[in-house]
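Following: one structure in structure tokens, then a few remarks.
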Amino acid sequence: MAETSIEWTDATWNPVAGCSVMSAGCTNCYAMRMAARLDAMGMEKYRGLTRKSGGRAKWTGKLYLDEAVLAVPANWKRPRNVFVNSMSDLFHPDVPEDFVRKVWSAMNATRRHTYQILTKRPDRMAQVLGAAGFEVLPNVWLGTSVEDDGVLHRLDELRQVPAAIRFVSFEPLIGSVARGRLDGIQWAIVGGESGPNARPMNSAWIDEVFDMCTDAGAAFFFKQWGGKNKKAAGRAYRGRIWDGMPSVSA
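All residue numbers in the sequence shown are consecutive under full-length UniProt numbering, ending with 250.
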């Protein structure tokens, strides 16, 4: 577990490390850069998960399943929000269903914590969690990432996922999502891309998500404008900070 500066959570927990590029939102993935850095520092968990291509770190597709960390949340006495697999995707096709069950068991045993799981593969999320033996846990929020209108199908796939709370991360928001809708989804996070190669975010695209939230009654969280210096760009949208969170009774 690691404390984190991610605005919408308290800590990260990584039973899986490693991933593979899925869509345009993956191009400047922070986790790829971080995995390469951790590999260079000699951390076995991240060895071989990335390679250099065009001067940048890229996922190799190799995964590391870390069973040792499954017991860690039981040691956290204070309840917290936990972002699951900030360095991977629990529903990557190479993560065995049996391992997902072990993660589910660890979360079920620690219901004082709220777990937030994001995937770019909500179709597999729906397929796996629809299998026998997977309980809808009230402390587990399930979401998908949507970066532009090329992947809006993920919203429909997310609606098929049995979940107490469904949410969407529109980060990095690199294109219009005006054709999307958020019915059946309780929370939306919006953020611009950050880092040296950050692609710009148009304010009109944020407006589209804001309007979708208003129409669907979903909570709206504005994470950042992004850019090369995200702290300088700040978090204010329409003159204020938006830290909306979903109602646990939704």
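Ideal Cβ placement from N, Cα and C applies to all residues, glycine included.
Keep in mind it's a predicted model, so treat the numbers as computed, not measured.
Quick test of your reading: residue i and residue j, contact by CB under 8 Å. State the CB separation rounded to the nearest angstrom.
i: A163; j: W187; result: Not really, about 11 Å apart at Cβ, beyond 8 Å.
i: D149; j: S169; result: D149 to S169, Cβ: 16 Å. No contact.
i: residue 278; j: G143; result: Residue 278 falls outside the range modelled here, since the chain spans only 1 to 250, and no answer is possible.
i: V136; j: F91; result: Contact doesn't hold; Cβ gap of about 16 Å is too wide.
i: V69; j: W13; result: 7 Å
i: A17; j: R33; result: No, A17 and R33 are not in contact; Cβ-Cβ is about 14 Å, not under 8 Å.
i: E111; j: A11; result: Note on identity: in this sequence residue 111 is Arg, with Glu being the wrong assignment. Going by Cβ atoms, the distance from R111 to A11 rounds to 16 Å, so no, they are not a contact pair.
Sort out for me which residues DSSP pairs residue i with in a bridge.
i: E3; result: A11
Using the C-alpha atoms, what's the distance from residue j back to residue i?
i: V226; j: A31; result: Looking at the sequence itself, residue 226 is Gly, so the reference to Val does not match. Rounded to the nearest angstrom, the two C-alpha atoms are 16 Å apart.
i: V103; j: A74; result: 12 Å
i: A89; j: G48; result: It is Asp, not Ala, that sits at residue 89 in the sequence shown. Distance between the alpha carbons of D89 and G48 is about 17 Å.
i: S20; j: K62; result: 8 Å
i: S23; j: G195; result: 18 Å
i: I185; j: Q160; result: 11 Å
i: A250; j: I165; result: Note that A250 scores a pLDDT of 43, beneath 50, so its modelled location is shaky; the value from the coordinates is reported in the next line. Their backbone Cα atoms lie some 7 Å apart in a straight line.
i: K228; j: P246; result: 30 Å
i: M212; j: V151; result: 16 Å
i: K230; j: Q224; result: 7 Å
i: E67; j: L118; result: 20 Å
i: G244; j: N28; result: 26 Å
i: L158; j: I241; result: 27 Å
Next on the checklist: Under 8 Å: do the segment 44-53 and the segment 115-130 share three or more Cβ pairs, one atom per stretch?
Outcome noted: no
Item to check | Completely contained alpha helix (DSSP H) runs for the segment 22-93, where each covers 4 or more residues | outcome: 30-40
Item to check | Completely contained beta strand (DSSP E) runs for the segment 121-167, where each covers 3 or more residues | outcome: 140-145
Checklist entry - Which runs of the alpha helix (DSSP H) spanning at least 4 residues fall entirely within the segment 171-231, listed in chain order? => result 203-216
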